[in-house]
Structures are given as structure tokens and as C-alpha cells.
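Enquirer: Residue numbers (my numbering): 261 to 337.
Below you can see the structure in the form of C-alpha cells.
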């Protein structure tokens, strides 16, 4: 019997499928921080999608947080 395509999740390694959301560990890796740091300093500023025990962090939320919290250095004009 053939596998149901609706039940199989796309491979995270398939670059042809754009990622819309990340797990906590993926989001931490994308930001270059630990999961502990993400939970303590970043998660409270993000809107996340909760489905059962799964927590998905939209890539757009990470981008929004980075843009909102970015500051220029003193040498920038």
C-alpha cells in the first residue's frame, strides 16, 4: 500500500521547500544561541504556534524580533 502523502512530513533537508517555522532547537541554531538562552531571553518576545506538545516558531517572528531589536553602533551614520 502506498504511503499517504498528506501524512508524510517534508524533509527538513529538502531546500526546495521553504521553511515557514522552526522548532526551538532550530530557532536557537539559526540565531546562534543555545536553547536555554532562547528560552530565557527571546521566547517571551515571540508569537509561537502551539499544537499539542509541539511548539513552532515562525521564521517571520524571528526576523521581526531581530529587526525590532537591532541597534546601530556609535560609528554608524
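Heads up, the beta-carbon is just placed ideally off N, CA and C, and yes, glycines get one too. Just so it is clear, the structure is predicted and the values come from calculations on it, not from any experiment.
(1) In the structure shown, what three-state DSSP assignment does residue 324 receive?
(2) From 312, 319 and 327, pick the residue whose C-alpha is nearest to that of residue 285; which is it?
(3) The beta strand (DSSP E) spanning residue 316 covers which residue range?
(4) What does DSSP give as the partner residue(s) for residue 287 in the beta ladder?
(5) Could you compute how far the alpha carbon of residue 316 sits from the alpha carbon of residue 287?
(6) Pop quiz: residue 306 and residue 279 are said to be a contact at Cβ under 8 angstroms. What is the actual Cβ separation, rounded to whole angstroms?
Expert: Well, looking at it:
(1) helix
(2) Nearest of 312, 319 and 327 to residue 285, Cα basis: 319.
(3) That run of the beta strand (DSSP E) goes 314 to 318.
(4) According to DSSP, residue 287 shares a beta bridge with no other residue.
(5) Their Cα atoms are separated by approximately 9 angstroms.
(6) So it is not a contact: roughly 15 angstroms between Cβ atoms.
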